[in-house]
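Numbering (the working numbering), first residue to last: 2 to 195.
Here's what the structure looks like:
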């Protein structure tokens with residue numbers, strides 16, 4: 002960053018660090034101890050919808066890469082579109098397979114990045130539930146290199162459990178790089194994997 006950038010208050014965007022995803026399994030241990038949430042085995046990578054042969058080739062490469070995993074039942078990664086027009090590559094594992102799920106999310110992000118789709122990547126998430134069937138996602142913001150919790154409330158409407166989100170933020174502050182700007186804790190309503 003140059004002197005002019007400092008004077009004008011400009012900052013450089015944080016470079017994505019996909020290796021931060023590998024902190025999720027240890028954070029899951031802290032999350033279970035602090036709030037009794039355990040992994041569901043579901044996760045997803047969200048990106049701005051991409052069409053065309055180049056993306057189809059990337060999707061096939063991700064499928065082939067993850068298909069090599071003999072322990073998986075069913076398709077390795079499914080493609081879904083949400084009601085807001087975003088696309089999700091969804092991975093489903095067993096609840097005790099969070100490290101493998103994180104590997105899947107990392108592989109999907111890396112393949113998209115290497116094939117020139119990095120600018121379309123938005124976030125990745127891993128799903129969690131507690132014994133009261135409350136849902137929680139730990140969301141990784143690709144362009145910020147940070148995590149935040151998202152806890153939708155059950156029932157009609159789109160409501161969040163802000164108290165739970167702040168509790169999770171406090172519990173995971175030593176395990177994950179938590180997004181400090183709460184305005185960037187975007188809701189991911191209807192996200193697959195949640």
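C-beta: ideal position from N, C-alpha, C; glycine also. Predicted model only: the values in this text are computed from it and were never measured.
Distance between residue 191 and residue 176 (C-alpha atoms, nearest Å): Looking at the two C-alpha atoms, the distance is approximately 26 Å.
Excluding the 5 residues preceding and the 5 following residue 71 in the sequence, name in chain order all residues of the same chain whose CB lies nearer than 7 Å to its CB. Low per-residue confidence applies at residue 71: pLDDT is 45, beneath 50, and the placement is therefore not dependable enough to give any value.
Is it true that the region 42-53 meets the region 119-133, where meeting means three or more beta-carbon pairs spaced less than 8 Å apart? Touching, yes.
What does DSSP give as the partner residues of residue 1 in its beta bridges? No statement about residue 1 is possible, as the shown extent of the chain runs from 2 to 195 and does not include it.
Our contact map puts residue 22 next to residue 106 with C-beta atoms below 8 Å; I'd like the distance itself, whole angstroms only. About 6 Å separates the CB atoms of residue 22 and residue 106; that is less than 8 Å, so the two are in contact.
Would you identify the three-state DSSP class for residue 168, choosing helix, strand or coil? If DSSP states are grouped into helix, strand and coil, residue 168 belongs with the helices.
Assign residue 167 to one of two classes, buried (16 or more other C-beta atoms within 10 Å of its C-beta) or exposed (fewer than that). When all chains shown are included, residue 167 counts as exposed.
Answer with buried or exposed for residue 187, where buried requires no fewer than 16 other C-beta atoms within 10 angstroms of its C-beta. Flag for residue 187 reads exposed.
Could you give the first and the last residue of the continuous alpha helix (DSSP H) run that contains residue 27? It spans 25-36 - the alpha helix (DSSP H) in which residue 27 sits, taken as one unbroken run.
What residue range does the alpha helix (DSSP H) around residue 189 cover? Per DSSP, residue 189 belongs to no alpha helix (DSSP H) and is neither H nor E.
Assigned exposure category for residue 183 - 16 Cβ within 10 Å defines buried: Residue environment analysis places residue 183 among the exposed positions, since fewer than 16 neighbouring C-beta atoms fall within 10 angstroms of its C-beta.
In this structure, how does DSSP classify residue 47 when only helix, strand and coil are distinguished? It is a strand residue.
Alpha carbon of residue 48 to alpha carbon of residue 57, nearest angstrom: For residue 48 and residue 57, the distance between alpha carbons rounds to 14 Å.
The alpha helix (DSSP H) enclosing residue 112, as first and last residue numbers: Residue 112 -> alpha helix (DSSP H) spans 99-113.
So what's residue 78 in DSSP terms, helix, strand or just coil? In the structure shown, residue 78 sits in coil (DSSP, three-state: anything other than H, G, I, E or B).
First and last residue of the beta strand (DSSP E) that includes residue 149? From DSSP, the beta strand (DSSP E) with residue 149 extends over 147-151.
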